[in-house]
Amino acid sequence: MTQPDDRHFAPLHRAWDADEAMDGIEEIVDDALEHLHPDSLWPAHPDDEDVPDGHGSIYFGAAGVIWALHRLGTAAFEGPRSPDLPPRDVAHAPTEPSTRRRAGTPRVPAGIDHAGLLGTALRRNAPWFAEGPYPAHASLLFGDLGILLARMRVAPSEELAETIHARIAANESLPTVELMWGLAGSMLACVSMRTMTEDARFEHRFRAQATRLLAELDDTDDGRLWTQDLYGQRLRLLSAVHGFAGNALALLRGWDWLDAGQRASLAEFVPRTLAATAVPSSSGVNWPQSLPASRPIELCQHCHGAPGIVTALADAPFSTPSFENMLVAGGEHVWEAGPLRKGGNLCHGTAGNGYAFLKLYRRTDDRLWLDRARCFAMVALDQVRERRSALGRGRFSLWTGDIGTALYLRGCITGNAAFPTVDVF
1 MTQPDDRHFA PLHRAWDADE AMDGIEEIVD DALEHLHPDS LWPAHPDDED VPDGHGSIYF
61 GAAGVIWALH RLGTAAFEGP RSPDLPPRDV AHAPTEPSTR RRAGTPRVPA GIDHAGLLGT
121 ALRRNAPWFA EGPYPAHASL LFGDLGILLA RMRVAPSEEL AETIHARIAA NESLPTVELM
181 WGLAGSMLAC VSMRTMTEDA RFEHRFRAQA TRLLAELDDT DDGRLWTQDL YGQRLRLLSA
241 VHGFAGNALA LLRGWDWLDA GQRASLAEFV PRTLAATAVP SSSGVNWPQS LPASRPIELC
301 QHCHGAPGIV TALADAPFST PSFENMLVAG GEHVWEAGPL RKGGNLCHGT AGNGYAFLKL
361 YRRTDDRLWL DRARCFAMVA LDQVRERRSA LGRGRFSLWT GDIGTALYLR GCITGNAAFP
421 TVDVF
């Protein structure tokens with residue numbers, strides 16, 4: 001590995017150890033439960049600047065941790081199996097200790113009031129979100145929409161589905177067309193809802209929002225791109241969280257809800273734009289944060305750069321030789337860059353980058369990518385342990401903290417590449 005800048009480092013390669021990975025998951029879960037308070041939830045981490053104690057959001061608050069604890073304790077095998085695991089169908093979380101550990105399912109005590117805790121998170125998040133830049137938006141990661149989805153997952157009800165539908169509808173006329181705050185996030189919410197209800201309105205809402213999203217594409221010299229109206233600026237962002245890749249992901253997740261013309265358009269412009277905007281590196285390709293590229297092309301993390309773009313697009317149900325080469329070249333760049341110094345987290349850490357390898361393993365069936373994912377997993381676990389030891393407690397958030405790393409560790413045990421709260425909710 002080589003490092004393009006001081007954001008990355010060359011790791012000491014430790015052999016993959018599934019038992020240690022499972023121990024790491026349980027350490028993270030135990031630490032979270034030890035520091036949970038039923039009213040004040042979790043303390044904020046010093047690295048999450050300006051985030052208050054007891055913050056409630058999915059992104060760096062309590063709702064994301066509660067959702068992850070529920071998922072870790074109950075989710076069955078999903079997606080492609082690790083070659084270390086025999087093929088099998090599991091309809092519920094395994095309970096026998098050896099099977100449970102091989103499934104990456106930690107001990108999570110029964111009796112946790114996930115729904116009640118999510119209600120507390122929703123209440124605590126509301127005043128913080130109301131003071132933010134987009135208080136009217138149904139934000140998937142910062143606002144009430146993601147918290148409501150998490151609550152629907154753990155305690156579904158028709159009343160809750162009605163509330164979620166109303167919040168999704170509120171995004172249709174608002175200007176932000178990206179995943180974190182706006183339209184792409186509410187489209188992902190529609191897709192998630194179809195696993196929790198048979199209400200056809202979510203398909204209809206997705207179709208309406210997809211039509212608007214596609215209509216807002218601009219034809220440029222760099223392919224078809226969206227112009228994001230974000231934080232007082234108009235930018236053509238490319239990233240998985242704020243830009244092209246995140247919007248394309250939302251459309252891909254609802255592929256079977258698109259009409260034939262929309263599918264054909266998506267299958268044509270996604271590979272073309274990906275190739276037109278790629279910037280070669282010594283090992284593969286990376287992508288700039290925005291176009292025109294006014295800043296050095298140096299970020300290589302899930303939120304900006306090759307990792308998130310590969311992760312967002314690697315499940316696409318279409319293929320061309322150029323598209324496959326672009327995805328693999330992006331993965332090679334992530335590998336050569338090495339783990340991130342920012343920590344083991346999802347958004348801008350080692351675990352988030354590692355999901356690109358899990359996605360490529362799923363797409364190519366090449367064991368090399370699983371091995372690389374597992375290499376990053378051991379590094380991410382070391383990073384979590386080091387920082388927890390230094391502070392005396394962990395970082396209690398999903399996208400920026402330890403529980404996201406726990407989900408990644410389980411993905412490396414099972415071979416499941418689903419990115420939390422984006423591919424699965």
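Just so you know, the UniProt record's numbering puts 264 at position 264 of the sequence shown, and the rest follows in order with no gaps.
From the three backbone atoms N, C-alpha and C, an ideal C-beta is built for every residue, glycine too.
A quick note: this is a predicted structure, and the numbers were derived from the prediction, not measured.
Residue burial is scored here from C-beta neighbours: L409 has at least 16 other C-beta atoms within 10 angstroms and is therefore classed as buried. Under the three-state reduction of DSSP output, G61 falls in the coil class, being neither helix nor strand.
Taking a 10 Å sphere around the C-beta of A10, we find fewer than 16 other C-beta atoms and assign the residue as exposed. In this structure, the alpha-carbon of Q209 lies about 20 angstroms from that of E268.
The three-state reading of DSSP puts V422 in coil, since its state is none of H, G, I, E or B.
Under the DSSP assignment, R234 falls in the beta strand (DSSP E) whose first and last residues are 233-237. CA-CA distance, R123 to H55, rounds to 10 angstroms. Annotation for D218: the continuous beta strand (DSSP E) segment containing it runs 218-220.
Going by DSSP, Q383 is part of the alpha helix (DSSP H) stretching over 367-391.
At the C-beta level, A377 and P307 stay beyond 8 angstroms of one another.
Each residue's CA atom was taken as its position, placing G284 and A417 some 22 angstroms apart.
Its chain contains D6, R7, H8, F9 as the residues whose beta carbon lies nearer than 8 angstroms to that of R341, once the 5 sequence neighbours on both sides are disregarded; these appear in chain order. DSSP, reduced to helix, strand and coil, places H302 outside both helices and strands of the structure shown, so it counts as coil.
Cα atoms of D50 and S319: separation of roughly 43 angstroms, rounded to the nearest angstrom.
Straight through space, the alpha carbons of E178 and Y361 are spaced by roughly 27 angstroms.
Going by DSSP, G223 is part of the beta strand (DSSP E) stretching over 223-225.
Across the structure, W226 and A351 are spaced so that their CA atoms are roughly 28 angstroms apart.
By the criterion of a C-beta distance shorter than 8 angstroms, C303 is surrounded in its chain by S239, A240, V241, H242, C347, H348, G352, once the five residues flanking it on both sides are discounted.
Shown here, H333 sits in a helix according to DSSP, grouped into three states. Under the DSSP assignment, L122 falls in the alpha helix (DSSP H) whose first and last residues are 114-130.
Counted as a single uninterrupted DSSP element, the stretch harbouring Q228 is not any alpha helix (DSSP H) but the beta strand (DSSP E) occupying residues 228-230. Residue V191 holds the alpha-carbon nearest to the alpha-carbon of H204 among L214, T195, A215, V191.
Under DSSP, S290 shares a beta bridge with L237.
Apart from sequence neighbours up to five positions away, the residues of its chain that approach R107 with a beta-carbon distance below 7 angstroms are E26, ordered along the chain. Ranked by how close their Cα comes to the Cα of F419, the residues R363, A312, Q383, V379 have A312 in first place. Fewer than three Cβ pairs drawn from the segment 364-373 and the segment 382-400 lie within less than 8 angstroms of each other, which leaves the two stretches out of contact.
Its Cα nearest to that of G254, the residue A184 stands out among A215, A184, S282.
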